[in-house]
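**Student:** What follows is a structure written as structure tokens; I'll ask about it next.
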Amino acid sequence: MSGAPEPVVDLALAREHGLTDEEWANVCEILGRTPSFPELGIFSVMWSEHCSYKSSKKHLKTLPTEGEQVLQGPGENAGAVAIGDGLAVIFKIESHNHPSYIEPRQGAATGVGGILRDIFTMGARPLASLDSIRFGPLDDPKHQFLLRGVVEGIGGYGNSVGVATVGGETQFHECYRGNILVNAFNLGVVETDRIFKARATGAGNPVIYAGSKTGRDGIHGASLLASAEFDDTTESKRPTVQVGDPFTEKCLIEACLELMQTDAVVGIQDMGAAGLTCSSFEMASNSGTGIEMDLDRVPQRAEGMTPYELLLSESQERMLLVAKQGREDEVLEIFARWDLDAAVVGRVTDDGRMRVRWHGETVVDIPVDPVAKSSPELDRPTQEPASLRETQKLDLAALAPEEDLAGALDALLDSPNLGSKAWIYRQYDQLVQGNTLIGPGGDAALVRIKREDGSATDKAVALSVDCNPRWCALDPFEGARAAVAEAARNVACTGARPLALTNCLNFGNPEKPEIMWQFVEAVRGMSDAARRLGTPVISGNVSLYNETDGQPIHPTPTIAVVGLLEPWERHAVAWFRGEGRAVVLLGETREELGGSEWLALRRGLEAGTPPSVDLDAEARLHSLLVRAVAEGLLETAHDVSNGGLAVALAECCFTAPDAVGVGARIELEDGIRPDALLFGESTGRVIAATADADALCAAARDAGVPARPIGVTGGDRLTVGSPGAEAWIERPVAALRELWSRALPRRLERE
Amino acid sequence: MFAVIQFPGSNDDRDMRFAVKSVLGAPAELVWHKSAELPTDTAAVLLPGGFSYGDYLRCGAMARFSPVMAAVKRFADAGGPVFGTCNGFQILCEAGLLPGALLRNRDLHFVCEVSPLRVERDDTIFTSRTRAGETLHIPIKHGEGAWFATPELLARVEERGQVVLRYLENPNGAVADVAGITNERGNVFGLMPHPEHAVEPAFGGTDGAKILGSLVDHVLGSGA
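So the sequences go chain by chain: A and B.
Residue numbering for the first sequence follows the working numbering, beginning at 1 and increasing consecutively.
Residue numbering for the second sequence follows the working numbering, beginning at 752 and increasing consecutively.
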């Protein structure tokens with residue numbers, strides 16, 4: 001053995017490892033002795049917030065996770081949903097917030113790498129990625145740097161591994177100045193009878209390590225970096241950030257998928273947070289077995305690594321798998337073909353213990369279940385923030401009306417939050433695998449499904465990721481409901497039927513009752529909407545401690561909904577397809593300005609209550625969209641969201657891929673104040689365009705969805721007004737597009 | 752048969768096979784980079800896009816040493832058609848089968864977008880389905896796609912009419928707006944844009960099929 005002598009393990013060292021006094025006592029009781037140094041390391045990561053979900057799991061249990069389409073709910077690497085004809089999609093979203101703030105390029109890159117492994121670990125070929133990223137204000141040079149780094153990281157990794165990035169969302173807000181968010185989503189396709197799980201069954205079966213060698217990077221990423229707030233010592237945590245190698249990941253994807261076409265694999269798990277420790281414990285715990293492992297057989301990148309380091313390293317691009325006894329050579333051969341390291345490092349046992357040896361000497365001997373399953377479950381106190389009721393008060397009568405409605409539209413389109421994100425997504429390969437029907441920039445992305453043998457199908461999946469954190473700050477329950485509703489609505493706008501969702505719950509420090517209250521309210525809201533809209537929660541991730549020096553982020557429950565469209569030939573797009581189409585507004589517009597972009601941008605206020613969400617009306621709207629697209633009644637469907645009706649109409653005019661676009665003449669009934677009519681963000685609304693307005697309105701009537709013809713497409717200007725009065729807005733489409741498309745470049749590119 | 756070479760890190764290999772086989776209806780198979788020989792029925796070689804060996808060194812600099820590249824070189828020397836897109840183009844330049852080099856994009860960013868291209872030569876085996884002067888819309892997606900040549904080399908390449916396609920809106924700083932070139936003999940072609948991503952109407956249009964289809968016509972027409 002080499003390296004420095006191991007430290008004395010006692011309560012003080014346990015505290016340094018992030019364990020509470022109570023947890024330390026529990027550890028000693030489980031073992032009946034003081035743990036060894038590597039054992040302490042194992043407990044500290046397995047019981048960290050990041051790995052154990054100790055603050056959140058009580059509440060996550062309340063989420064709806066079942067449905068006839070669900071093949072695999074939460075608890076595996078990712079969830080699985082059947083899409084018919086023996087195929088399934090596997091998907092999940094995950095955060096990599098803290099690493100990306102410390103080292104944006106590598107942090108974001110390894111976030112992408114990690115989510116990809118969650119998908120192909122289950123046997124699926126990764127098909128499409130989304131990214132939900134949030135930064136501080138864009139005029140802060142530090143956040144320009146972070147944005148550039150994160151985008152390079154996502155692109156550098158995603159492009160290299162050959163997985164298309166087809167959509168996402170980007171937001172800039174003061175609350176992320178000390179803690180950016182990087183949430184990465186991936187979806188893969190698999191045959192339902194080839195879904196692999198994290199299992200270590202069959203005593204005597206070999207445990208095989210494959211992929212990159214283990215180095216000293218990322219030790220305690222999960223326990224120290226992801227499970228604590230940021231403060232002035234944050235810079236010193238840079239060594240806990242891992243470094244990604246997309247080339248190895250690409251080879252690992254191909255090798256694993258090739259291997260999974262054989263029947264040599266019993267179970268497989270990627271080594272993510274807490275590396276070798278977490279993967280081996282999970283596999284054994286899921287199977288009621290034990291594992292004995294010889295650490296010296298693990299391929300190592302650095303010399304003189306200790307058992308502690310080998311067990312806790314978060315080196316990327318590594319997999320642990322259990323093969324059938326006697327098939328070892330076949331497995332090792334496939335990895336060798338791809339020039340990847342692989343080695344038999346242990347065996348499955350039937351005694352329920354994790355035994356780890358180092359050059360023959362036992363350094364870890366602990367029961368699996370008490371570590372994996374008896375991790376603490378906390379019931380943290382909750383308390384509504386004292387100031388919330390005050391913030392929710394917004395007296396519209398006292399709010400000065402917008403005097404320059406056209407100017408407000410210009411300002412909204414030119415804002416970093418509503419402006420085009422092409423500067424970002426043109427750095428991503430949106431096309432690889434040749435399935436992108438609708439790429440970034442619309443409501444939902446639409447991606448065709450191919451089988452592993454390369455043959456194309458009639459199926460496509462629609463994907464959308466959404467959250468309005470401002471609304472969640474004003475009312476986390478309604479905000480979370482709205483996030484689910486919007487993501488599902490975006491999916492339905494293509495004509496796809498929403499199937500299920502995954503979520504990434506980004507919050508501040510759960511030890512504060514106000515944060516915990518936000519969390520519980522958001523989970524309650526997500527649960528409510530998921531249940532009502534028939535989109536069960538099949539996977540997810542919780543990211544807590546997103547605060548710096550006591551300043552938390554807005555509660556940000558990011559929701560990604562996946563839907564199925566078949567046949568894909570018939571789908572709607574988010575832009576007007578040409579002249580002479582009738583424009584129909586579906587849904588109800590109310591006088592709601594609380595929490596709106598307009599209010600924030602033009603009045604500097606984040607106040608009021610967010611728009612209400614009527615889930616029954618949403619469900620009816622989504623059914624109508626699916627039916628109308630299937631029947632060919634709808635060629636354009638665009639969700640009305642941030643910036644309201646005026647922004648949504650402008651987007652319909654100029655976001656067509658041909659970059660020419662088409663104008664429209666719109667007349668809106670003048671029942672409420674014009675600024676609320678144009679810029680209010682009432683939920684459950686869609687701008688539709690159709691060649692047959694009568695048929696669409698009849699279908700809407702049948703479905704119980706309010707529908708009102710509001711104008712017609714044509715010309716090169718967008719004109720919006722009320723009947724019989726002078727237009728509120730009249731702008732050349734080209735001018736609006738110019739403002740919108742320059743919003744990011746003009747702030748990021750030097751003259 | 753179209754041999755689509757699969758390097759470790761190739762990304763568009765399966766897409767290339769799909770375009771040729773499933774869309775254009777010609778036989779195509781993946782050929783592993785460690786193969787010392789091409790399959791005996793190889794009628795054309797396609798080097799796909801991607802990040803061979805991670806492209807951690809110069810793009811394509813490692814892949815040129817893959818065992819199969821010696822066979823590809825022999826095939827090209829014997830006059831067999833060889834077509835590389837993106838990373839494939841980079842590999843062909845590194846292997847000395849095409850002149851010039853591909854450098855980092857002018858603005859240093861990876862860029863993925865549809866790029867309008869002008870056909871300069873419609874009399875090659877790669878462009879017989881196009882017309883000179885025609886505009887094709889084919890996507891690009893690369894970070895190192897700026898073709899570079901010294902003035903002397905450029906003059907020679909232009910003089911011999913090796914420039915087959917040029918960018919109408921130069922996206923990367925390529926010398927003389929070069930998007931695609933052949934060797935002197937005209938049987939080896941490199942192109943930064945991705946024709947395999949424009950072969951179906953709903954997925955980026957069909958301008959790419961004109962390029963790949965030209966080669967299919969050549970191969971099938973020659974009875975291979």
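Built from N, CA and C at the ideal position, the CB exists for glycine as well.
Please report the residue range of the beta strand (DSSP E) in which A/Asn-541 lies.
**Tutor:** 537-543
**Student:** Would you kindly work out how many angstroms separate the C-alpha atoms of A/Tyr-201 and A/Ile-268, rounded to a whole number?
**Tutor:** Note on residue identity: the sequence assigns Thr, not Tyr, to residue 201 of chain A. Near 11 Å, if we compare the C-alpha coordinates of A/Ile-268 and A/Thr-201.
**Student:** Flag A/Ser-539 as yes when its Cβ comes closer than 7 Å to any non-hydrogen atom of the ligand NAP, and as no otherwise.
**Tutor:** For the ligand NAP, the structure offers nothing, since it holds no ligand at all.
**Student:** With a threshold of 8 Å between beta-carbons, can B/Cys-837 be considered close to chain A, or not?
**Tutor:** no
**Student:** How would you call B/Met-767, buried or exposed, if buried means at least 16 neighbouring beta carbons within 10 angstroms?
**Tutor:** buried
**Student:** A/Ala-560 and A/Ala-487: beta carbons closer than 8 Å?
**Tutor:** yes
**Student:** Hey, how far is the Cα of A/Leu-437 from the Cα of B/Phe-954?
**Tutor:** 6 Å
**Student:** Taking only beta carbons into account, state which residues of the segment 890-913 of chain B come closer than 7 Å to chain A, listed in chain order.
**Tutor:** Pro-890, Lys-892
**Student:** Measuring alpha carbon to alpha carbon, tell me which residue in A/Val-720, A/Glu-66, A/Ala-693 is nearest A/Pro-709.
**Tutor:** A/Ala-693
**Student:** Check whether chain E comes within 8 Å of B/Asp-766, counting only Cβ atoms and requiring the distance to be less than that.
**Tutor:** Of the chains in the structure shown, none is chain E; the protein chains are A and B.
**Student:** Ignoring anything shorter than 4 residues or poking outside the segment 619-671 of chain A, list the alpha helix (DSSP H) runs there in chain order.
**Tutor:** As far as the segment 619-671 of chain A is concerned, its whole alpha helix (DSSP H) runs of at least 4 residues are 644-654.
**Student:** Hey, could you find the ends of the beta strand (DSSP E) A/Ile-732 is sitting in?
**Tutor:** Correcting the residue identity first, residue 732 of chain A is Pro in this sequence and not Ile. Start and end: 729-732.
**Student:** So, under 8 Å CB-CB, A/Ala-462 and A/Thr-502 are touching, yes? Tell me the CB distance rounded to an integer number of Å.
**Tutor:** Their Cβ separation, rounded to whole angstroms, is 14 Å, which puts A/Ala-462 and A/Thr-502 out of contact at 8 Å.
**Student:** In chain order, what residues of the same chain lie with their CB nearer than 6 Å to the CB of A/His-96, ignoring the 5 residues before and after it?
**Tutor:** Excluding positions up to five away in sequence, the list reads Gly-107, Gly-111, Val-182.
**Student:** Could one say the Cβ of B/Ala-975 lies closer than 8 Å to chain A's Cβ atoms, at least one of them?
**Tutor:** A caution first: B/Ala-975 carries a pLDDT of 46, below 50, which makes its placement in the model unreliable, though a value can still be read off. Not an interface residue.
**Student:** Starting from A/Trp-338, find everything on chain B with Cβ-Cβ shorter than 8 Å and list it in chain order.
**Tutor:** Pro-759
**Student:** Taking the alpha-carbon positions, what's the A/Asn-205 to A/Leu-257 distance?
**Tutor:** Approximately 20 Å between the Cα atoms of the pair.
**Student:** Answer yes or no: do A/Val-705 and A/Leu-649 have a C-beta to C-beta separation smaller than 8 Å?
**Tutor:** no
**Student:** Which class does A/Ala-735 belong to by DSSP, given the choice of helix, strand or coil?
**Tutor:** helix
**Student:** Using 8 Å as the threshold, is the C-beta distance between A/Val-166 and A/Leu-130 below it?
**Tutor:** yes
**Student:** I think B/Leu-781 touches B/Val-755, with their Cβ atoms under 8 Å apart; what is that distance to the nearest whole Å?
**Tutor:** 5 Å
**Student:** How would you write the range of the beta strand (DSSP E) that B/His-888 sits in, first residue to last?
**Tutor:** Where B/His-888 is concerned, the enclosing beta strand (DSSP E) starts and stops at 886-893.
**Student:** Entirely within the segment 345-411 of chain A and at least 3 residues each: give me those beta strand (DSSP E) ranges in chain order.
**Tutor:** 353-358, 361-367
**Student:** Looking at chain B, is there any beta carbon in it that lies within less than 8 Å of the beta carbon of A/Ser-160?
**Tutor:** yes
**Student:** Along the chain, where does the beta strand (DSSP E) that runs through A/Asp-528 open and close?
**Tutor:** Careful: A/Asp-528 lies outside any beta strand (DSSP E), inside the alpha helix (DSSP H) at 513-533.
**Student:** If we define contact as Cβ-Cβ less than 8 Å, is A/Leu-431 a contact residue for chain B?
**Tutor:** yes
**Student:** For chain B, find out if any of its Cβ atoms is closer than 8 Å to the Cβ of A/Thr-436; answer yes or no.
**Tutor:** yes
**Student:** Please name the residue in A/Thr-121, A/Leu-399, A/Trp-575, A/Asp-379 whose C-alpha comes closest to that of A/Gly-439.
**Tutor:** Comparing Cα-Cα distances from A/Gly-439 to each of A/Thr-121, A/Leu-399, A/Trp-575, A/Asp-379, the minimum goes to A/Trp-575.
**Student:** Measuring CA to CA, which of B/Asp-874, B/Glu-947, B/Leu-971, B/Gly-800 is closest to B/His-888?
**Tutor:** B/Glu-947
**Student:** Roughly how many whole angstroms lie between the Cα atoms of A/Thr-382 and A/His-59?
**Tutor:** 12 Å
**Student:** Out of B/Ile-932, B/Ala-822, B/Val-950, B/Arg-880, which one is the CA nearest neighbour of B/Val-771?
**Tutor:** B/Val-950
**Student:** How is A/Arg-327 classed by DSSP in three states: helix, strand or coil?
**Tutor:** coil
**Student:** Tell me which same chain residues have a C-beta within less than 8 Å of the C-beta of A/Pro-723, skipping the five on either side of it?
**Tutor:** Glu-667, Glu-669, Asp-670
**Student:** Mapping the DSSP letters down to three states, classify B/Thr-791 as helix, strand or coil.
**Tutor:** coil
**Student:** Hey, would you say A/Glu-591 sits closer than 8 Å to A/Ile-672, going by beta carbons?
**Tutor:** yes
**Student:** Please classify A/Pro-64: is it buried, with 16 or more other beta-carbons within 10 angstroms of its beta-carbon, or exposed?
**Tutor:** buried
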